[in-house]
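J.: Going by my numbering, the first residue of the sequence shown is number 3, and it counts up by one from there. I have a structure here, written as structure tokens, and I will follow up with some questions on it.
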Amino acid sequence: MSQCTCVNKVHCECTISKTPQPGLKYFSRQWKTFADFRGDMKALVPNYSALDGWEPCTLDDWGLIIIDMWAYVADVQNFYDQVFAHELYLTSAKRRLSITKLTSLLGYKPKPAVAASAYLKVMAQGTQLIKFSKGLAFRSAAFDEEPPQVFEVEADVNIHSSNNDWRVDTEQLNGFSSDSAAGADVEVDAVYVNTKYYFRSGDVVLFKIDGESAAYHQSSKIQNVLSYTDSSGKKLNKLDLSSSIDIPNGTLSSNVQIYRANLSQNLWKQSYFSGDPKAVDGNQIVLDTLSSKISANDELILSYQNEYKYAMVESNSDTQLTIQGATSQMVEDAEGNDVPVPIPALKSLSSKILLDRTIDNGSWVSANANAIKVYYSFQKICSLELPSLTDFELDTSVHSTLPLNQPLVKNKLAPDVQQVFIQDSQDEALRINATLDYDSTNLDIGQAIEHASFVPPLTIFGNLVKVSRGESVEHEVLGSGLVTEKNQFFTLKKKPLTYLNNYNSASEQGIESTLKVYVNGVAWDEVDNFYNTGPTDQVFVVTHDEDENTFIQFGDGNRGARLPSGVDNIIAYYRFGAGKSSPPKNTINQMVQPINGVTSVTNPIASTGGSEREDIEDIQLLAPQSSLLLGRAISIEDMAVVARSVAGVSFAHASWQWQDKQQRAMVCVWILADEATALPVKQKIRSLSHDNLPFSVEVIKPFELGLSLDVSIDDKYITENVLSDIYQILLSDTGLLTPEKMGFGRALFRSQIFEVLHSVSGVMSVNSISLLFYGWTFPWNSSAIKAPTGFVWDFINAGVKVNGKYLVPPNVEGAE
């Protein structure tokens, strides 16, 4: 019953409506119920003399029935009074129409659905130039329960068969690499050569690296020669080395030359006699014989056990070495006396070699001369090879050009190549800005690329065509103008109207409409509203309802010109079709109308850029915030609002952070969007902020993490239905575990998951929650988990298990 104590029960103070407190999502206006209204009317009976003596006592009493009916009417009116009252306030409104009407008072226009775009790879034949005109249509296959979508060419493009494709010469890219830091050397203990070059065990070889100093001239001895077949079937000889050599990281195998010594010689091994040169002395060595085949500037390799030293000859001269010292021998003279007869020293000529460096250190001394050997007369045999690349990482700091393995012939009819696809054997592709260098047979890359991984062989495709979603409607008659009528409006027949991303357009949202309206054959201009327009301005305003119908409204003669009278003189040209769902790669492959000379079309990369219209929660949040900008982004919160207003951004967060690259604190704006959206967000913020404001725009990256939930389900409920409800509450577009709902830089509390799971009908209890990380399972013991800086948890792709069953198929190798 009502607690009202007012004397006048009908017009009491309790029924006077009061303005709710700001920001409430719900407020109560149902101050009475059916029983309250019924009781109040019955309590008023004694106040009316005409009803003296009447007292309702039976259910079929007409007086009681009338009271009950009026109580029912009052209860229903009271209920809907609350419903309609909620639609009058932005934070409590539930209907999109109510929200857009309220935000229009602030001048806020919700973002419409935006069409996706894609790049097609076109293969042509013949010698003639093929023109793809603007509006040429292609159709995708059906995907993900979505019907086929129509994409159209955005601008005229010329295609020629000579720009079809080229193969990257990966042999020239095949180099020595390691996971070490840039500039570090690669330690190599085996090398590969073509099978047509003969080597044998025991050969001493010299390695030289093109473009490197003599410091990288190294030598080793071949221990084994083995036959080797790589993954592509290429046959090579593998040379196992007795000692490793160091090769600079990133050196191409073709730049490493291998030389073999044809001659060798020992050092002087005889005992040392005073006055003779030593076998090893500083930068001087003495051979055991004369050698006329060693000259100045020749290269030598000295070996000692399993060590090798490289040196250049500065001079070769003859020197005498004592084999046996001078002695005397007693002989009898003619008188029979023993007299000493001197015997001169026995000497030999040998070669004394002066080197360009000192070698007598460590074990490299004359005492070990009998173990030191000299190799010379080197002959270049071949360049090294490597097994075919199993993977290739494109980084323009290392590879600014890609060599092609076929001659480039410029066709006079063919257009210049500006963009290409790089596609590998695993059907992974990358679109880059690049041009062809016909002189060097190279592809010159025109943009910075870091760590793009491919699996060779690599193919370059040069015929690219940009298309965007949306089917054209030509010459749709909207109706007839009537000069005596104000604010005429018309409705497009097809929906939704196609909007395209165009961050260079005048639109604050970074989009442009495909709608063109002609009045008596003259195009009128679209404006956001009629503010600041005059009576002769030929403009119109476009609005959309909650069903995405498009309405076109013209001026009233004061703000915006009225339409001139005529019959069917209002004509529209536009495209329809937009939204987040967009075809995956290799699905846009049907030409609506075939073109002679075109053999195939497809999109090697999935279409991107599509987005749904702004949802009502975002409108409720952004409309008040954007109204505070007043055309300038001053605070950190302003920058987040500006970023969020750009089409394709589903979440934005801004904060002061220290940037290591720039070595200073600056505003970092994190966005949940495609990588391509970062640039237009940066441009938009820069246009609304101070020129010297330091800030950066970073794309939030997904961090795959899965969940395993142990849940007790009531036997009275169908398990599949309960699991479906859990999926909706956790992983649907509005689910707790979506990036938009979790937010950026915020902790995800375990209690939040318990709370939403317990709200699902049929869930009796949540017994445990575990974390899944690439096949590993960890108990979630802490109260909350927080993603690393720059990341947001990605539960959708990692997968969520309930009682051992995935709610969504995980994209994780080795998952059950």
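Glycine included, every Cβ here is placed at the ideal spot set by N, Cα and C.
Where S691 and K684 are concerned, what is the direct C-alpha to C-alpha distance, given to the nearest angstrom?
T.: The alpha-carbon atoms of S691 and K684 are separated by roughly 10 Å.
J.: Can you give the Cα-Cα distance for V341 and T329, rounded to whole angstroms?
T.: V341 and T329: Cα-Cα distance of roughly 13 Å.
J.: How close, in whole Å, do the beta carbons of G562 and V541 come, if the pair is a contact with beta carbons under 8 Å?
T.: G562 to V541, Cβ: 5 Å. Contact.
J.: Is DSSP giving V190 helix, strand or coil here?
T.: Strand.
J.: Buried or exposed: where does Q307 fall if 16 or more other Cβ atoms within 10 Å of its Cβ makes it buried?
T.: With fewer than 16 Cβ atoms within 10 Å of its Cβ, Q307 is classed as exposed.
J.: Nearest to L725 by alpha carbon, out of T231, W72, S761 and E528?
T.: The candidate whose alpha carbon is nearest that of L725 is S761.
J.: With DSSP run on the structure shown, which of helix, strand or coil describes N531?
T.: Reduced to three states, the DSSP call for N531 is coil.
J.: Measure the beta-carbon distance from L243 to D205 and round it to whole angstroms, keeping in mind my assumption that it falls under 8 Å.
T.: About 11 Å; that fails the 8 Å criterion.
J.: Leaving out five residues on either side along the sequence, give the residues of the same chain with a beta carbon under 8 Å from the beta carbon of G816.
T.: With a pLDDT of 39 at G816, under the threshold of 50, the modelled position of that residue is not reliable, and the figure given next carries that caveat. Contacts found: Y776 and G777.
J.: Please determine if the stretch 545-560 and the stretch 73-86 are in contact, where contact requires at least 3 C-beta pairs separated by less than 8 Å.
T.: Flag = no, the stretch 545-560 and the stretch 73-86 do not touch.
J.: To the nearest angstrom, how far is it from the Cα of K136 to the Cα of A143?
T.: If you take the alpha carbons of K136 and A143, they lie about 22 Å apart.
J.: When you compare each of D54, A73 and A120 to G611 by their alpha carbons, which one comes out closest?
T.: Comparing Cα positions, the closest option is A120.
J.: Rounded to a whole number of angstroms, what is the C-alpha to C-alpha distance between E616 and A157?
T.: Approximately 28 Å between the Cα atoms of the pair.
J.: Cutting at 7 Å between CB atoms, please list the residues of its own chain near E316, excluding the five before and the five after it.
T.: A298, L356, L357 and D358.
J.: Just the Cα atoms here: how many angstroms apart are D167 and K414?
T.: For D167 and K414, the distance between alpha carbons rounds to 17 Å.
J.: Let me confirm a value: A183 is counted as buried when at least 16 other C-beta atoms fall within 10 Å, else exposed. Which label applies?
T.: In this prediction, A183 has a pLDDT of 48, which is less than 50 and means its spatial position is unreliable; nothing more can be read from the coordinates.
J.: Under 8 Å by Cβ, that's how I've got M43 and I69 pegged, so tell me the actual separation to the nearest angstrom.
T.: Rounded, the Cβ-Cβ distance is 5 Å, consistent with contact.
J.: Would you identify the three-state DSSP class for V485, choosing helix, strand or coil?
T.: Residue state, collapsed to three classes: coil.
J.: Can you give the beta carbon distance from Q272 to L323, rounded, assuming they're within the 8 Å contact cut?
T.: Indeed, because the Cβ distance is near 7 Å, the residues count as touching under 8 Å.
J.: Give, in chain order, every unbroken run of the alpha helix (DSSP H) that is at least 4 residues long and sits entirely within the stretch 712-788.
T.: With a minimum length of 4 residues, the continuous alpha helix (DSSP H) runs that stay inside the stretch 712-788 are 721-733, 741-744 and 752-760.
J.: Would you check if the distance between the CB atom of V367 and the CB atom of L304 is smaller than 7 Å?
T.: Cβ atoms of V367 and L304: not closer than 7 Å.
J.: Quick check on V644: does DSSP put it in helix, strand or coil?
T.: Looking at V644 - three-state DSSP - the assignment turns out to be helix.
J.: Going by the beta-carbon positions, is the gap between A645 and W658 smaller than 7 Å?
T.: It is not a contact, given that the beta carbons lie outside the stated cut-off.
J.: Report all residues from its chain with a CB closer than 8 Å to the CB of M3; omit the five preceding and five following residues, and keep chain order.
T.: Because the pLDDT of M3 is 38, which lies under 50, any placement of that residue in the model is unreliable, and the question is left without a value.
J.: Which runs of the alpha helix (DSSP H), 4 residues or longer, sit entirely within the stretch 140-227?
T.: Segments of the alpha helix (DSSP H) lying fully in the stretch 140-227: 172-175.
J.: How about V170 and L460: do their beta carbons lie closer than 7 Å?
T.: For V170 and L460, yes; Cβs fall inside 7 Å.
J.: Given a threshold of 16 other Cβ atoms within 10 Å of its Cβ, counted over all protein chains shown, does A216 qualify as buried or as exposed?
T.: That one is exposed.
J.: Would you mind sorting N435 into buried or exposed? The rule is 16 or more other CB atoms within 10 Å of its CB.
T.: Exposed: under 16 other Cβ atoms inside 10 Å.
J.: What's the gap between the Cα of T437 and the Cα of T443?
T.: The straight-line gap from Cα to Cα measures roughly 11 Å.
J.: Run through the stretch 353-423 for me and flag every whole beta strand (DSSP E) of 3 or more residues, listed as ranges in chain order.
T.: For the stretch 353-423, whole beta strand (DSSP E) runs of length 3 or above, ordered along the chain, are 374-385, 394-396 and 403-405.
J.: Using a Cβ-Cβ cut-off of 6 Å (strictly less than) and excluding sequence neighbours within five positions of E148, which residues of its own chain qualify?
T.: Excluding residues within five positions, the ones whose Cβ falls inside 6 Å are S583.
J.: In this structure, does DSSP put H88 in helix, strand or coil?
T.: Helix, per DSSP.
J.: Counting Cβ pairs, one atom from each stretch, are 3 or more of them under 8 Å apart for the stretch 382-399 and the stretch 224-243?
T.: Touching, yes.
J.: Under a three-way DSSP split, which group does P498 fall into?
T.: Looking at P498 - three-state DSSP - the assignment turns out to be coil, as it is neither helix nor strand.
J.: From G764 to Q79, what does the alpha carbon distance come to, in whole angstroms?
T.: Looking at the two C-alpha atoms, the distance is approximately 35 Å.
J.: Quick one: give me the first and last residue of the alpha helix (DSSP H) that P682 is part of.
T.: Run containing P682: A680 to L690, per the alpha helix (DSSP H) assignment.
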